[in-house]
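Report on the structure given below.
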Amino acid sequence: MLKPKHFFLLPALLTLVAIILFPLIFTVRVSFSSWDVYQAGLDYIGGRNYTRVFEDTRFWESLLRLSSLSFITVTLQYVIGFALALAVWKQMKGGRIFRVLFLVPMMTTPVVMSVIWRTMLHESLGPANDILSAFGIGPVPWLSSAAGAFVSVVIVEVWQWTPFMFLLLFAGLVSLPREPYLAAAIDGAGPVRTFWQVTFPLMAPISIGALIIRLIEASKIMDTVYILTSGGPGTATETPSYYIYIRGLRDFQVGYSAALSLTYLVLMIITLTIIAKLLMRFLVGKDA
Amino acid sequence: MWRSEAFIMGKSRAVRSLYHDAIIQTWEETMKKQFTGSLSAIALAVTGVLTAPMAQAQDYSRFGIDSDLPGTCNFAATDAKDYSGRTLNIITHAIPVIGEPTALHAEQFAELTGAEVNVVHVPFGDLFQRIMIPFQSGQNAYDVLFYGSLWIGDFNRFLAPVPDAFLNSSGMSDVTDSFKGVATWNGQMIQYPMDGDRHYLKYRTDAFENAELQARFKDATGRDLAVPETWEEYNEVAAFFSGFDWDGDGEVNYGSAEVAKRDDLMFSAFISRAAPYAKHPDVTGGFFFDLETMEPLINTPGFVRGLELFVDAQKSFPPGGTNFGLGDEIFSFGGGQTLMSYSWDDAFIQAQQEDSRIRDMVGAAPLPGAREVWNRDSGQWDNFDEPSLAPYMTWGWSSAVSDMSEEKEMAFDYLCFFSNEANTFHDLQIGRFGVNPYRDSHFDSGFWQGLGWDASVADSYVKTLSEMELSENRVYDLRIPGVGQFMSSMANGVAEALAGQKSAQDALDDVAKEWAGIVDRIGEDRLRDAYANVVRLEDNEG
Amino acid sequence: MLTLQNLTTPHPKLPLSGLDVTFEPGKIYTILGRTGAGKTELLRTLIGLDPIAEGAVHLDGKNLDRTPIRARQMAMVYQQFINYPHLDVLANVAFPLRRKKVNKIDALARAREALELVGLAEFETRKPSELSGGQQQRVALARAIVKHARILLMDEPLANLDYKLREQLREEFPRLLEKNSDGIILYTTTEPGEAMQLGDELIVMHEGRIVAKGDPGELFENPPSIEVAQVISDPPISICAGEVKNGHLYFNDGSAVDETSLSLGADGPVRIGIRPDALTIGGDIPAQVTLAEFSGSDTIVHLRLPFGEAVMLVDGIREYSPGVKFGVSLETSALLLFSQAGGNITERTG
Amino acid sequence: MTRTYNTIKYLFLLAWSIFVVFPFLWALSTSFKDANAVTSGARYLPWVEFEPSLQGWQSLFASGSRGINIITPFFNSATVTLLASVISLVLGTLAAYGLSRYKFKLGFIKNADITFFFISQRIMPPIVLAIPFFLMLKEIRALDTIAGLVIVYIALLLPIAVWVMIDFFASIPKELDEMAMIDGCTPIGAFFRVVLPNSLAGLVVAGMFCLIFGWNDFFFAFTLTFTETQLLPVAIVSLNSSVTPWWSLSAFALISVTPLALVAIVVERFMSRGSLAGAFR
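Each protein sequence line maps, in turn, to chains A, B, C and D. Note that my numbering has the first sequence beginning at 258, numbered continuously upward. Note that my numbering has the second sequence beginning at 298, numbered continuously upward. Note that my numbering has the third sequence beginning at 6, numbered continuously upward. Note that my numbering has the fourth sequence beginning at 130, numbered continuously upward.
Structure, rendered in structure tokens:
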């Protein structure tokens with residue numbers, strides 16, 4: 258029976274299912290086929306693609322790389338975003354300009370901004386090394402060493418997405434209730450203690466939401482890697498989605514890339530669920 | 298005779314801004330005047346008889362050409378066709394390389410024939426999938442395709458053969474044999490040649506001819522400074538010229554700019570480097586594979602040697618050089634940062650731009666060769682007194698018409714128009730267009746001197762290119778199904794070696810393993826059939 | 006007439022269990038109980054916001070289970086000040102009328118009237134967020150009464166107001182509710198005083214059940230059980246253990262209660278209820294202050310007595326530091342006796 | 130103490146601002162360069178350090194072969210993004226409201242699972258869906274059309290709208306909609322008459338995210354169109370030939386950021402008013 262609640266949920270749910278169902282089923286089906294550049298078709302080759310995934314060290318290495326990459330970038334984004342939000346939280350001179358400014362990087366097209374960053378990090382023509390050389394540093398091998406490339410990707414990701422954290426955390430801060438702060442002030446708590454005892458716990462729910470969403474988005478990291486480093490040097494910055502892209506669209510191994518994707522999807526869902534639960538436990542102190 | 302590119306471009310820009318208004322007024326009149334003429338031309342076109350119509354005193358200079366030249370698909374002949382109300386969809390490379398001439402000639406074609414021509418520009422890295430997805434799913438997306446000729450192994454099933462009328466066209470008969478070979482699959486021409494590409498060595502003549510530097514080089518190495526003839530020499534010269542400001546412009550210079558970024562055509566840089574060591578003039582039956590067994594040869598000593606030298610060359614790269622894409626390489630050499638570079642014409646042409654700081658300070662030479670070449674028949678290194686060269690006819694741009702197209706006739710007309718005599722000569726002059734010599738008439742030093750090049754530069758350029766045409770030891774791309782997989786696997790192995798993650802031998806051993814896997818998946822016989830096409834070209838049987 | 010039959014709800018934490026009660030028009034029912042006793046749940050179930058597991062709600066004999074909320078002819082005032090933030094005060098009050106298709110002019114006129122009644126006439130163009138808490142609650146009240154609903158539900162409407170406003174609004178209630186006097190008014194509160202003052206009839210709830218229903222004064226005088234006794238008085242009645250032995254009442258420290266107005270039953274343990282005003286300062290029962298707090302103009306002193314803990318009500322604001330000792334006396338005629346099970350066994354002679 | 134704290138704070142803000150702004154300034158400078166200015170090392174000031182050229186900007190507004198004309202792609206992008214965002218916002222808001230106010234149960238599937246289903250759509254890397262989407266749009270003849278892209282973008286944006294709005298509705302006391310129902314609204318009426326008008330802040334944020342992710346998507350716009358329906362990011366890569374045109378890309382970066390920078394100003398308004406996370410606290 259159709260109730261009002263169905264009126265709310267069903268349009269979106271059915272729309273999404275309608276759009277996503279075919280691609281999803283297709284992907285599952287194609288992952289059991291040998292669809293490749295030389296032959297498009299849904300033959301059945303059993304789990305061969307999955308066996309291959311299992312043996313594909315390049316894929317598993319990219320997963321490991323992704324976990325450190327996303328952990329580092331998201332943590333940095335969170336810490337910096339939080340610090341920025343705290344800094345412009347209270348009424349201050351020029352606060353508006355700062356706040357608008359801090360939002361802008363998020364609004365830019367990653368593909369295009371990565372190109373700009375690439376020009377900035379260009380080791381002989383870009384300003385990054387030019388400016389550092391004024392301090393007697395460098396030339397830093399931004400994109401041609403494994404560590405440099407990793408750091409470059411982190412820098413660009415932090416630049417692009419810290420605004421996201423900033424936005425959510427600032428919005429959260431502004432809406433915090435006043436009473437706990439009065440209580441803390443009465444208790445004579447200093448700013449540091451107030452932060453840890455009042456602000457941080459109150460911000461826990463919004464922090465979790467922001468962290469999870471950023472983790473989801475960061476795990477798909479692709480544009481930045483594609484433009485900045487093409488996964489290199491060697492495979493030093495290759496992430497799973499970039500690897501799937503190479504297998505799927507560059508090599509055109511449609512079947513195999515579907516198997517890679519589904520493996521990746523399952524792993525991500527499991528990992529993110531666990532992370533969400535852990536975050537809940539650490540930040541809120543209860544189970545999700 | 299030929300004016301400098303900048304002059305012509307300057308003129309064409311001015312003309313362009315004027316002609317837009319003028320054209321609209323005159324167009325209708327022209328249409329009316331030529332109505333009867335057009336009709337007969339259509340009749341001719343429809344019956345498939347493609348002859349140059351009577352030379353009319355028509356002025357086509359508004360299109361940025363000096364004058365219409367005789368030829369099957371010249372402006373007058375195209376003008377005579379009427380495709381109004383019909384649409385041509387074209388996919389091509391990004392602007393400007395190939396993309397700009399595609400769009401330019403599409404505009405002209407639309408104006409001349411009344412067709413609606415849509416052009417989409419795609420960066421190289423994604424061109425393959427943009428063409429392949431519609432092919433595989435049976436979607437008629439594009440009529441005309443511009444792409445890397447190496448993909449013929451994957452695309453051949455989806456392409457329309459070039460009709461006889463076009464095979465006999467004036468432009469086609471002038472195409473060199475090797476580029477006709479590039480366009481041919483199983484004896485049938487299915488690509489429409491419109492570009493000729495190859496790798497060759499570019500170097501700074503001002504450095505090589507500098508007496509002080511020559512002396513210093515001699516002191517340091519005990520050898521006379523000369524344009525390198527082997528890759529060992531290349532590395533040695535490059536290393537010497539790295540890290541100091543030898544051209545006195547205040548910026549530190551380096552020895553070598555190479556395409557070393559994994560997914561950015563680095564595979565062809567590696568093949569250029571490895572070819573002379575791995576391609577033995579007396580050994581037939583396959584360069585990448587043993588045609589009989591379809592065993593990968595990618596980890597044989599010749600390739601390993603090539604990779605070791607590639608790894609070694611990194612010390613002469615400018616900062617960031619190990620992550621250089623083609624664009625960076627062009628900027629680096631064309632901008633005067635490095636002594637040598639080897640890849641397509643772009644860097645050379647960039648250096649020869651009129652406003653370039655190093656104009657006429659560059660020379661072209663064949664790619665270095667090897668004095669030791671691996672002979673896989675005998676399983677040992679053979680010594681050569683004169684370095685053995687193995688010119689790599691690295692993939693050039695090619696064009697084709699989709700077999701699904703419902704406008705094949707118009708599509709071929711467009712391609713024929715694209716490469717008509719006037720257009721080709723116009724396009725060759727503009728470096729950024731990326732259209733490079735591919736017809737016998739293009740190998741003429743006078744033509745390039747007409748662009749304002751020094752005679753010596755033009756001579757070395759033409760000589761280098763035409764010698765490649767004559768070589769009997771050429772290497773072609775791996776034009777077989779799944780070439781993308783093979784090349785990306787190889788590029789990945791090379792990148793790992795370059796990054797020091799693996800030794801050259803280990804990296805290539807792993808590539809060979811992957812290649813064997815790909816052969817298994819795609820099917821040995823299917824690949825052998827395709828590869829035979831390549832081997833025939835390499836063994837000069839094609 | 007609103008009848009609940011064996012009303013039981015599936016609420017995971019505070020289910021109502023087996024409520025049987027009838028409410029009659031023209032009366033104000035005050036529902037008294039501690040937080041968590043199920044008062045809010047009762048109102049929410051009546052109005053249809055929370056589901057019913059068993060039993061039924063009948064209005065004039067008609068089962069309401071199929072009646073959507075909007076058609077139940079009920080109005081509600083929440084403990085939180087719920088108004089529509091995007092509407093101004095006048096539009097807020099007119100909102101329910103407009104939903105009932107009353108034409109705009111009439112609706113606004115009636116809304117103004119209601120605002121007049123609650124004393125907010127001059128604020129009609131403000132947004133609720135621009136009003137004080139008390140004013141916001143007056144708006145909510147105006148919106149509830151403007152409908153002339155058959156049933157008006159008020160869920161601790163004063164709980165979130167400070168003392169003064171609470172007093173003020175409470176005194177106004179009879180006047181404000183006059184218009185609804187032909188309907189049923191259910192009014193929940195945790196404050197016995199409020200319940201006594203406003204209610205025509207008092208219902209005491211405890212842990213999802215109705216534990217008493219009746220005349221407020223009577224229930225106060227003679228609470229039927231410990232549960233009722235504890236909520237019906239503020240500060241609450243203290244309960245101490247005791248024993249009846251040989252016709253005499255003893256506290257568990259052995260001290261005897263010499264009171265003839267109580268008739269005692271059989272020997273055995275009993276529980277003795279001490280009203281807060283039964284204790285007065287000055288006497289020979291040694292007492293030690295454990296806590297003193299102010300409630301309005303009174304002081305509530307928590308004492309440790311030889312026979313247990315008890316609460317004493319002292320007029321006026323007085324400072325008593327914890328630990329202070331003094332003697333108190335006990336007005337034994339006001340004692341209540343309960344059985345071990347909690348039933349009231351107080352019998353008075355004469 | 131406070132002085133030091135303030136100094137540190139302003140230094141931090143300043144440092145971050147420079148970090149944020151620098152790429153734009155660099156892009157601004159680069160957009161006026163040509164190949165010569167680019168290849169002669171890092172140069173910052175036009176006229177002083179290099180001779181400015183309009184090449185980059187011209188290539189974005191030139192027609193046909195001389196560059197790309199980004200006017201049409203700009204409007205295509207705007208149309209697709211706006212349509213997809215509005216539809217996603219409408220559907221997503223309704224769904225989020227349903228999920229935040231009602232309990233759904235279908236077998237073992239409960240609210241949290243449905244919410245997760247929505248959000249999990251964002252976990253899938255877009256590459257995976259390129260070919261299936263292509264085939265799907267081919268079937269419904271929506272390849273290379275605005276409509277086709279809108280359909281795909283809805284799948285991309287709907288999860289974002291749902292996620293933001295669920296959080297937002299959680300901050301609106303449910304008593305508000307109950308009150309509306311008591312006051313005579315149907316459940317649906319309560320949503321439209323009372324909840325929605327008080328959700329502007331949430332809608333702004335959700336809308337902003339939809340616009341950002343829609344406007345900046347490159348991948349689908351790229352794979353699912355041929356020649357007719359070019360979107361902005363796809364148009365710009367038309368210029369990314371073997372020579373990366375630093376100048377055109379820089380000019381483009383500045384153009385493409387403008388519309389959304391205006392969004393940033395709007396969002397900041399709401400953000401500072403404290404009305405984003407909890408309009409009622």
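Cβ atoms here follow ideal geometry from the backbone N, Cα and C, with glycine treated the same way.
With burial defined as no fewer than 16 other Cβ atoms inside 10 Å of the residue's Cβ, what is the status of residue i: buried or exposed?
i	result
Ala-271/C	exposed
Trp-482/B	buried
Ile-269/D	exposed
His-253/C	exposed
Trp-374/A	buried
Tyr-301/A	exposed
Ile-279/C	buried
Trp-453/A	exposed
Leu-347/B	Residue placement at Leu-347/B cannot be trusted, given a pLDDT of 40 that sits under 50; what the coordinates show is reported in the next sentence. It is buried - the Cβ of Leu-347/B has at least 16 other Cβ atoms within 10 Å.
Using a Cβ cut-off of 9 Å, pull out every chain D residue sitting near residue i, in sequence order please.
i	result
Gly-466/A	Trp-292 and Asp-296
Just the chain C side, please: which residues come within less than 7 Å of residue i by C-beta, in chain order?
i	result
Asn-240/D	Under the 7 Å cutoff, chain C gives no residues; its nearest Cβ is about 15 Å from Asn-240/D.
Would you say residue i lies against chain B (beta-carbon separation less than 9 Å)?
i	result
Gly-304/A	no
Pro-490/A	yes
Leu-506/A	yes
Using 8 Å as the cut-off, classify the Cβ of residue i as near or not near the heavy atoms of the ligand MN, replying yes or no.
i	result
Leu-170/C	Absent from the structure shown: the ligand MN. Ligands present: none.
Can you name the residues of chain B whose CB is closer than 9 Å to the CB of residue i?
i	result
Thr-222/D	By Cβ distance, chain B contributes nothing, its closest Cβ being about 34 Å from Thr-222/D, past 9 Å.
Which residues in chain D have a C-beta closer than 8 Å to the C-beta of residue i? List them in chain order.
i	result
Gln-85/C	Pro-302 and Glu-304
Which residues of chain B have a Cβ atom closer than 7 Å to the Cβ of residue i, listed in chain order?
i	result
Gly-170/D	Glu-548
Taking 9 Å as the CB-CB limit, is residue i close to chain A?
i	result
Ala-809/B	no
Asn-620/B	yes
Gln-250/D	yes
Arg-818/B	yes
Ala-138/D	Per the sequence shown, residue 138/D should be read as Lys rather than Ala. It does: the Cβ of Lys-138/D has a partner Cβ on chain A nearer than 9 Å.
Please check if any C-beta of chain D sits within less than 9 Å of the C-beta of residue i.
i	result
Trp-399/A	no
Phe-316/A	no
Ala-80/C	yes
Lys-32/C	no
Along the alpha helix (DSSP H) that carries residue i, what are the first and last residues, could you check?
i	result
Pro-434/A	Element bounds for Pro-434/A: n/a, residue is neither H nor E.
List, in chain order, every chain D residue whose beta-carbon is nearer than 7 Å to that of residue i.
i	result
Thr-376/A	Thr-159 and Trp-375
For the beta strand (DSSP E) containing residue i, list its first residue and its last residue.
i	result
His-402/B	No beta strand (DSSP E) contains His-402/B, which is instead part of the alpha helix (DSSP H) from 396-410.
Are any of the Cβ atoms in chain C nearer than 9 Å to that of residue i?
i	result
Pro-175/D	no
Under 8 Å between beta-carbons, which chain A residues line up against residue i? List them in chain order, please.
i	result
Phe-628/B	Leu-382
List the residues of chain B whose Cβ lies closer than 8 Å to the Cβ of residue i, in chain order.
i	result
Asn-165/D	Gly-632, Asp-652, Ser-653 and Arg-654
Legend entry - Residues of the segment 354-373 of chain D with Cβ closer than 9 Å to any Cβ of chain B, in chain order: Thr-354, Phe-355, Thr-356, Glu-357, Gln-359, Val-363, Ala-364, Val-366, Ser-367, Leu-368, Asn-369, Ser-370, Ser-371, Val-372 and Thr-373
Legend entry - Residues from the segment 91-104 of chain C in contact with chain D, defined by Cβ distance under 9 Å: His-91, Leu-92, Phe-100, Pro-101, Leu-102, Arg-103 and Arg-104
Inset, instruction - Give the residues from the segment 304-322 of chain D that approach chain C closer than 7 Å (Cβ to any Cβ), ordered along the chain. - result: Glu-304, Leu-305, Glu-307, Met-308, Met-310, Ile-311, Asp-312, Gly-313, Cys-314 and Thr-315
Legend entry - Interface residues of the segment 247-275 of chain D facing chain B [CB-CB below 7 Å]: Ile-260, Phe-263, Leu-264, Lys-267 and Leu-272
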